[in-house]
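Just below is one structure, and these are the notes that go with it.
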Amino acid sequence: MDASRLTQWIAAASRLVLPPRCLVCSDQGHEARELCRACYAALPRNLACCGRCAVPLPLPVPECDACQCESRPWSDLWVPFEYAWPLDALETRFKFAGSLAAGRVLSDAWIDEGPPPSLPELLLPVPLHPGRLRSRGYNQALELARPLGGRYRIPVAHDVLYRARKTDAQSELDAAARLGNVRGAFAVRRVPAQNHVAIVDDVMTTGATLAECAKALVAAGVERVDVWALARTPLPGGRS
Ligand SMILES: [Zn+2]
Ligand SMILES: [Zn+2]
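The numbering of the sequence shown is numbering that gives the first Met the number 0, which starts it at 0 and goes up by one.
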């Protein structure tokens, strides 16, 4: 047995012998996942929210005040979680600490919340700017889209949308600045053959990024664009 085969064998054997540990609290993992039963139960499900933009609310409504003033350029919306503890801790590890294991925990949890309101024919992860992709090493939206595509047998295309220009990190801007920051930032490289697509992202904050991607696809002739995001940030100041 050569050294690399031996290393692989040791890794496989240790997975059998050592139970996985929770990435949030280090307790024993549940169902062979790197998340314990308590942290899995604590994941904040986005059950009471706006039906158009998924913003968490005290009671579910078909359309929140903001959505009554502003049209949303997508059809169905699937955002199963609220961006709060302990999901935010996993997302931080996934996005900023290179933890693909945290990404797998998040995509497994997302799949558990299915099925989506409708099944599109193609999944399109929100693209990263090439510079950011190089520094992070992977696109977190693509890493989430792949297992979802596998679960629902939907192809994933990462060469349809692209960043037409570099933008600032949305998390560092207020709502008005976010809109201006991403306006015209996305373009369609090739028009997909499918008529019904879903854009996939990790965290939906104001929806400005997803709206720009949806507008670009609709302008390119795609008939129906849905939005799938892992989690929606609550309104500033909380739920009240
Ligand atoms: Zn835990
Ligand atoms: Zn809304």
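Ideal Cβ placement from N, Cα and C applies to all residues, glycine included. These numbers come from a predicted model, not from an experiment.
Item	Value
Own chain, CB closer than 7 Å to I110, minus 5 neighbours either side, in chain order	P146, L147 and R150
Three or more C-beta pairs below 8 Å linking the region 33-51 and the region 159-175	no
Any heavy atom of ligand 2 nearer than 5 Å to the CB - residues listed	C49, R51, C52, C63 and C66
Nearest to P19 (by Cα), restricted to the options C48, W77 and V104	V104
Closest residue to S98 among Q139, A144, L127 and L172 (Cα-Cα distance)	Q139
Cβ-heavy atom distance, L34 to ligand 1, below 7 Å	yes
Three-state secondary structure assigned by DSSP to R103	helix
Cβ pair D225, S106 closer than 8 Å	no
Buried or exposed by the 16-neighbour rule on C-beta atoms within 10 Å, applied to V187	buried
Separation of Y39 from P113, as counted between CA atoms	Looking at the sequence itself, residue 113 is Gly, so the reference to Pro does not match. Taking the straight line joining both Cα atoms gives about 15 Å.
Rounded Cβ spacing between V125 and C212 (contact assumed at less than 8 Å)	6 Å
Boundaries of the beta strand (DSSP E) in which P129 is found, first to last residue	Segment P129 to R135 is the alpha helix (DSSP H) holding P129; no beta strand (DSSP E) there.
Assumed close pair V159, P191 - CB separation to whole angstroms, cut-off 8 Å	5 Å
Helix, strand or coil at A140 according to DSSP, with G and I counted as helix	helix
Same chain, Cβ closer than 6 Å to R51, neighbours up to 5 away in sequence not counted	E62, C66 and R71
Neighbourhood of A83 by C-beta, 6 Å cutoff - its chain only, sequence neighbours within 5 removed	P43
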